[in-house]
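A quick write-up on the structure given underneath.
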Amino acid sequence: MKARIYFLIFLASLLFPAAFADQDTENLYASVTVLPNFSVNLDNNLLDFGMIQPGQTVTLKEGSPYNRAICISNKGKIWYLKLSLVGDIIGPAGTKIDPSSVKWKVYDVQGNGSPVEGWQNFGATPVLAYTAGGDDLTGREVRVSLQYSLTLPDKAVAGHYVIRVLYSLTEER
Amino acid sequence: MMRRKAVIAISVFLMFLAAATEGRAEFNVSITDNNNYLDFGAVKCGEEARIALKGGYHHAIQCVSTNGNTWYLKIDVIRPFTCGDKTIPMDNMAVVVEQQVSGQGIVMYGTNRDIPLTGRETTIYTSALGDNTGQQVVLNIYYTLKIPENQVAGSYTANLQYVMIERL
Chain Z
41 MKARIYFLIF LASLLFPAAF ADQDTENLYA SVTVLPNFSV NLDNNLLDFG
91 MIQPGQTVTL KEGSPYNRAI CISNKGKIWY LKLSLVGDII GPAGTKIDPS
141 SVKWKVYDVQ GNGSPVEGWQ NFGATPVLAY TAGGDDLTGR EVRVSLQYSL
191 TLPDKAVAGH YVIRVLYSLT EER
Chain E
527 MMRRKAVIAI SVFLMFLAAA TEGRAEFNVS ITDNNNYLDF GAVKCGEEAR
577 IALKGGYHHA IQCVSTNGNT WYLKIDVIRP FTCGDKTIPM DNMAVVVEQQ
627 VSGQGIVMYG TNRDIPLTGR ETTIYTSALG DNTGQQVVLN IYYTLKIPEN
677 QVAGSYTANL QYVMIERL
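Line by line, the protein sequences give chains Z and E.
Under the numbering used here, think of the first position of the first sequence as 41, with each following residue one higher.
Under the numbering used here, think of the first position of the second sequence as 527, with each following residue one higher.
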C-alpha cells in the first residue's frame with residue numbers, strides 16, 4: 041500500500057511540476073535613520089504697538105491673528121509651545137513699563153493639541169501656550185495663531201512701544 | 527507479494543533517478559560580493575535616498591536555471607521598515623534595474639524605472655526561453671527609499687528576500 045502511495049506521489053510530481061516548482065532565495069537586510077525635525081518658525085516677528093497714550097489699550101491687528109508660530113516635530117513625543125518676554129518693554133527714551141502691561145492670547149490653531157484659552161500674562165519663566173496631541177507628534181505642520189495686547193499704565197510716558205518675545209518648542213512641560 | 531516488491535523497486539529507482547537529475551540541475555539566485563545589506567543612511571522627512579554605490583548600481587543579482595521552465599525573480603517583503611511600533615509603508619521603497627547585463631527575459635517596467643514594493647511580493651524579472659537552459663542572467667540593481675513627510679524619527683530596519691521561483 042505504501043509503495044503505491046510513493047509511486048503516485050512521484051507520478052504527481054511529473055504530471056504537476058508547478059506543485060513542486062523549484063525555488064531559491066537570497067536575504068536582504070535594509071536600514072534607514074529618519075532624522076528628527078523639531079522646529080518653530082514665525083511668519084512675523086515684529087511686535088510693534090506703535091504710538092500709544094497712557095491708559096490706552098492697543099491690540100495688534102484686533103479681530104484677527106497677528107502672527108503664527110509654525111511648529112514641527114516628528115519625534116513622536118508630546119511637545120509644548122511656550123512664550124516668554126525677552127528683556128524689558130522699551131518705550132520712548134529708554135523708559136520701561138511693567139511686563140504685566142502686555143498680554144497674549146492663542147487666537148486659533150491648526151493642529152490636534154490643546155491651546156491655552158483666554159488672555160494670558162507673560163511670566164518670569166516661559167508660559168505654556170499649546171500642548172501637542174495626536175498627529176502633531178509625527179511631523180505635521182502645526183500653526184498656532186496669536187494675538188498681543190498692550191495697556192499703557194496711566195503714569196507711563198506716551199510713545200512708541202516694542203516688545204521682544206521668545207517662542208520655545210520643548211518636550212518638557 | 528512479488529508485484530508489491532516490483533512496485534517498491536520501481537518507485538525507489540525512479541526517486542533515485544529524480545534525485546540524481548536534480549543534483550545536476552542548477553537553479554539559484556545570488557547577490558554579487560555577498561552585498562546583502564542596504565544602508566539608506568540618515569534621511570530627512572520628505573527626502574529620497576538612493577543606494578547606488580557601484581557607479582550607478584548597488585549590486586548585481588545573478589540567476590541561473592537549467593530546469594527548462596519559465597522562472598520569475600521576485601522580491602519579498604519579510605518585514606517592512608520598522609522602529610518600535612512605527613513603520614514606513616513599503617511602497618515608498620523601489621527596486622530599479624539599472625542595466626540588464628545578460629538575459630533574454632523581461633524586466634518589469636523596463637530598465638531605469640522604479641518598481642515600487644506595493645505588496646508582499648513584487649516581480650522583478652520574468653525569464654525567456656534562453657534563460658532556462660543555464661545561461662546566467664545578470665541584473666544590476668539600485669534601490670530608492672522616500673521618507674514620508676510625516677514619519678516619526680528613529681532607526682528603522684527591514685528584512686527582504688529575493689526569490690527565484692518557477693511559480694508566478
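Note that CB positions come from ideal geometry on N, CA and C, so glycine has one too.
Same chain, Cβ closer than 7 Å to residue i, neighbours up to 5 away in sequence not counted
i, result
"L694/E", "Y598"
"Q160/Z", "K143, W144, K145 and V167"
"T659/E", "T592 and G594"
"Y635/E", "I641"
"I604/E", "N685, L686 and Q687"
"E552/E", "V590, S591, T592 and G660"
"D128/Z", "K136"
"R213/Z", "Y120"
"E548/E", "Confidence is the limiting factor: at E548/E the pLDDT is only 49, short of 50, which leaves the residue's position unreliable and the question unanswerable from this model."
"V689/E", "K600 and D602"
"Y147/Z", "P105, S185, L186 and Q187"
Residue-chain proximity (residue i, chain E), Cβ-Cβ < 8 Å
i, result
"E66/Z", "yes"
"A169/Z", "no"
"A164/Z", "no"
"D176/Z", "no"
"T210/Z", "no"
"G116/Z", "yes"
"S71/Z", "yes"
"G95/Z", "no"
"L75/Z", "yes"
"R108/Z", "no"
"R180/Z", "yes"
"Q63/Z", "yes"
Beta-carbon separation (whole angstroms), residue i vs residue j, contact threshold 8 Å
i, j, result
"F566/E", "I557/E", "That belief does not hold up - the Cβ atoms of F566/E and I557/E are roughly 17 Å apart, past 8 Å."
"N107/Z", "N81/Z", "With a Cβ gap of about 11 Å, N107/Z and N81/Z do not count as contacting."
"I667/E", "K600/E", "No, I667/E and K600/E are not in contact; Cβ-Cβ is about 13 Å, not under 8 Å."
"L190/Z", "S141/Z", "6 Å"
"T65/Z", "V664/E", "Wrong, their Cβ atoms sit about 18 Å apart, outside the cutoff."
"L564/E", "L68/Z", "6 Å"
"E90/Z", "V197/Z", "Note that residue 90/Z is Gly in the sequence shown, not Glu. That pair is no contact at about 15 Å."
"K122/Z", "A169/Z", "6 Å"
"L86/Z", "Y188/Z", "L86/Z to Y188/Z, Cβ: 11 Å. No contact."
"Q93/Z", "L209/Z", "Not really, about 36 Å apart at Cβ, beyond 8 Å."
Cut-off 6 Å between Cβ atoms - residues of its own chain near residue i, not counting five sequence neighbours on either side
i, result
"Q630/E", "A654, G656 and D657"
"G103/Z", "none"
"N632/E", "Rather than Asn, the amino acid found at residue 632/E in this sequence is Ile. Only T652 meet the Cβ criterion."
"G173/Z", "N152 and G153"
"D88/Z", "V202"
"L206/Z", "S124 and V126"
"I112/Z", "N77, S79 and E181"
"R183/Z", "R108, I110 and Q150"
"E692/E", "N595 and W597"
Neighbourhood of residue i by C-beta distance below 8 Å, restricted to the same chain and skipping five residues each side
i, result
"N676/E", "C571"
"C609/E", "V678, G680, S681, Y682 and T683"
"K117/Z", "L177 and E211"
"Y719/E", "Only positions 527 to 694 of chain E appear in the structure, and residue 719/E is not among them; the question remains open."
Chain Z within 8 Å of residue i, Cβ atoms only
i, result
"L579/E", "no"
"N658/E", "no"
"L686/E", "yes"
"N638/E", "no"
"Q625/E", "no"
"A545/E", "Note that A545/E has pLDDT 47, beneath the 50 cutoff, so the model's placement of it is unreliable and the number below is only indicative. With 8 Å as the cut-off, A545/E does not count as an interface residue toward chain Z."
"Q677/E", "yes"
"K500/E", "Lying before the first or after the last residue shown, residue 500/E is absent from chain E, which here runs from 527 to 694."
"A568/E", "yes"
"T683/E", "yes"
"G549/E", "Note on G549/E: pLDDT 48, under 50, position unreliable in the model; the coordinate value appears next. By this cut-off, G549/E is not an interface position."
"E574/E", "no"
Cβ-Cβ distance between residue i and residue j below 8 Å
i, j, result
"P606/E", "A684/E", "yes"
"D617/E", "T644/E", "yes"
"A575/E", "V149/Z", "no"
"L177/Z", "A109/Z", "no"
"G95/Z", "D175/Z", "no"
"P674/E", "I587/E", "no"
"Y669/E", "V621/E", "yes"
Host beta strand (DSSP E) of residue i (start-end)
i, result
"P642/E", "D640 to P642"
"Y120/Z", "Y120 to L125"
"Y635/E", "Run containing Y635/E: none; DSSP gives neither H nor E here."
"K600/E", "Y598 to C609"
"K672/E", "V663 to K672"
"C571/E", "Here C571/E belongs to no beta strand (DSSP E), and DSSP marks it neither H nor E."
"N67/Z", "Q63 to V74"
"M619/E", "M619 to S628"
"W144/Z", "V142 to Q150"
"A684/E", "G680 to I691"
"E647/E", "E647 to T652"
"D88/Z", "L87 to I92"
"N81/Z", "F78 to L82"
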